[in-house]
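Positions -31 to -1, 1 to 451 (mature numbering (1 follows the signal peptide of the UniProt record, and there is no 0)) are the ones given, in order, by the sequence shown. Backbone N, C-alpha and C define an ideal beta-carbon position, used for all residues, glycine too.
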Amino acid sequence: MHSMKKRIVSLTMVGALAAGFAVTPVQPVFADDPGTPAGNQEEQESQVNVQFPGLKADTGAYSIFISGLKKGNVVRAYLQHPGGEAKMIKEEAMTEDESLHDFQLTFGKNGDGDPLLSGDQLSVKVFADKDLESELTTSEQATYVDNIKNRPAKMTTDPASLVRDKEKQTVAVHFDKDYEAQEGDELKLTAYTKDGYKLEDNADNKASSKVSLSKHSMDLTITPVKGAAYYTVEFASKGTVVADLTQKLTIGADFSEATELVLDYGKTTVKPGEKVTPKVYLKNKDGDTLDVSDRATFSYDGDAIEEKGREKGGFTVKADKKYIGETIRVTAVDGTRAVTRTLTVKEDEQAASKTSIVLTINSKDMLVNEEKVIIDAPAVIKNSRTFVPLRAVTEAFGAKVSFDDATRVVTIELGKDVVKMPIGSKVYTVNGKSMTMDVAPYIQPGANRTMIPARFAAEPFGFTADFTKNTDGTVANVMFKN
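Below, the structure written as structure tokens:
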């Protein structure tokens, strides 16, 4: 491939971008011409230039002027919201040479499509041909900064979630004490599906609304609409949204009287150099769980933790083996609830040598070395056989579990052992050697978890499976040990 040094072109965006943004992606239409010959690419590099004129409110068609384009060149525009990934919003293939090309994007007026957010970045790339391998020009990203002078420094919502099927719920919105509401300041409330699609208003549902602000705190009254998985609460001034203030209200079970805050690492030991990430959630009286890892605060205690990488309860253990035997304590706090977990630094052999696991039939509570862990699929009795969730049990052993959707094969790796189990088949392999179980594993409906006869979850890895029984002779608990 022809190599060349990419030239950076500085871009400027002048004026306020208060208009909404609605862009329909264009399917590529490539010219028959193969494009600029490789030998002429360096020459064309010096000719291609991208210019961004100023934008203003309610702009309709917006032109980006590009000079020096040749037949076969491909132009792409990208938009990136703060914290998101850059997405292509338009692609155009040149059908003839043009000394100055008008590359147009379409902006909607207020209320039409998604609004531009403060911090949005717009960029253009020009490629030599449809292979998209050689860039003639890579533009710097031009950042849109709104002209809001009176912006809050902070916005919070209380509570941070809504209860499904509950009418007229009150959500308090608070701003920092220095914020004073101005004319044109408002809150925008929008409902979305679980896949991130905005719900539309209809006769039965009011999926979006706007509320004018008059003070630095106010209450919203919300009845979740049918089909909504979450709402966003956005601060806007004269139609311009301040992205970094947006709050998300998830819709789920009632956690107003949660019984427990859980900090779950899935184990009680860690290895030198290991990076660990926990699950942090509230559990209510019905057993429902709510992930609070984004809002909980964490504190760490222990010399064996690296300073970098401490986030959402996760951390990296120092690689030096001198820390073997040291303990690490992590405390999570969510509102008035707090929980602390202690983990011990051990080598692989030590960590694996003392593992004991206890599951209770039809219960989502699992004990790993006497510490309770919540699992999403309980052990069950089916056709007089005891089945356990394969991933939960083997990961508690310390194994790595993966699932191939195409072949429907579960792969479990522990140390030097590799076990492959096809769903629905009694034949499985241990380190390449075929073995047979008397009952095939299956996928549990609802939980979408692989269930396997208890004995075959243990024996391939050198564990034993024992059972305790109820007075009527049915299995009460399954216990795994090595």
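Per the Cβ contact rule, the segment 117 to 137 is in contact with the segment 202 to 213 (3 or more Cβ pairs under 8 angstroms). When rounded, the separation of the alpha-carbon atoms in GLU104 and GLN49 is 19 angstroms. In the DSSP annotation of this structure, the continuous segment of the alpha helix (DSSP H) that includes ARG360 starts and ends at 359 to 366. Taking the Cα positions, THR237 is about 21 angstroms away from THR258.
If you look at PHE425, you'll find it in the alpha helix (DSSP H) that goes 423 to 427. Under the three-state reduction of DSSP output, LYS240 falls in the coil class, being neither helix nor strand.
Contact holds between the segment 353 to 373 and the segment 405 to 418, because three or more Cβ pairs, one in each stretch, are under 8 angstroms apart. Unbroken beta strand (DSSP E) stretches of 3 residues or longer found wholly inside the segment 294 to 341: 296 to 303, 306 to 314, 325 to 329, 334 to 337, given in chain order. With a beta-carbon spacing of about 6 angstroms, GLY271 and ARG298 fall inside the 8 angstroms limit used to define contacts. DSSP lists GLU155 as the bridge partner or partners of SER181. Contact check between the segment 432 to 444 and the segment 368 to 381: fewer than three CB pairs, one atom from each, fall below 8 angstroms, which does not count as touching.
Remark: C-beta atoms of GLY283 and LEU232 do not approach each other more closely than 8 angstroms. Distance between PHE72 and ASP98, taken at the CA atoms: about 17 angstroms. Counting only the Cα atoms, TYR47 lies some 14 angstroms from PHE96.
Per DSSP, PRO391 is one residue of the beta strand (DSSP E) stretching across 386 to 391. The alpha-carbon separation between GLU67 and MET57 amounts to approximately 23 angstroms. In the pairwise beta carbon analysis, the segment 193 to 205 is classified as not touching the segment 239 to 255: fewer than three pairs are separated by under 8 angstroms.
Apart from the 5 residues on each side of it in sequence, PRO22 has no Cβ closer than 6 angstroms to any other Cβ in its chain. Within the same chain, and ignoring the five residues on either side of ILE421 in sequence, the residues whose Cβ sits closer than 6 angstroms to its Cβ are LEU359, PRO410.
Residue environment: SER268 is assigned as exposed (fewer than 16 neighbouring CB atoms within 10 Å of its CB, all protein chains considered). Rounded to whole angstroms, the gap between the alpha carbons of LYS291 and ALA365 is 25 angstroms. Annotation for MET63: no beta strand (DSSP E) segment contains it, and DSSP assigns it neither H nor E. Scanning its chain for C-beta atoms nearer than 7 angstroms, with the 5 sequence neighbours on each side dropped, one finds around ALA288 the residues PRO241, GLY242, in chain order.
Across the set THR324, GLN16, ALA445, GLY401, the C-alpha of THR324 shows the shortest separation from the C-alpha of ASN451. Looking at the DSSP output, THR437 bridges to ASN446. The DSSP-derived three-state label of PHE430 is helix. Between the C-alpha atoms of VAL447 and LEU328 there is a straight-line separation of about 5 angstroms. In the DSSP annotation of this structure, the continuous segment of the beta strand (DSSP E) that includes ALA46 starts and ends at 43 to 49. Between ILE330 and VAL444, the CB-CB gap stays under 8 angstroms. The bridge partners DSSP lists for GLU275 come to none. Using a 10 angstroms sphere on the CB of THR419, the tally of other CB atoms reaches 16 or more, which defines it as buried.
Annotation for THR363: VAL370, ILE381 place their beta carbon closer than 6 angstroms to its own, counting only its chain and skipping 5 residues before and after. Collapsing the DSSP output to three states places LYS290 in a helix. A contact between stretches requires three or more CB pairs, one per stretch, nearer than 8 angstroms, and the segment 220 to 229 fails this requirement with the segment 175 to 189. THR376 sits exposed, since fewer than 16 C-beta atoms from the chains shown fall within 10 Å of its C-beta.
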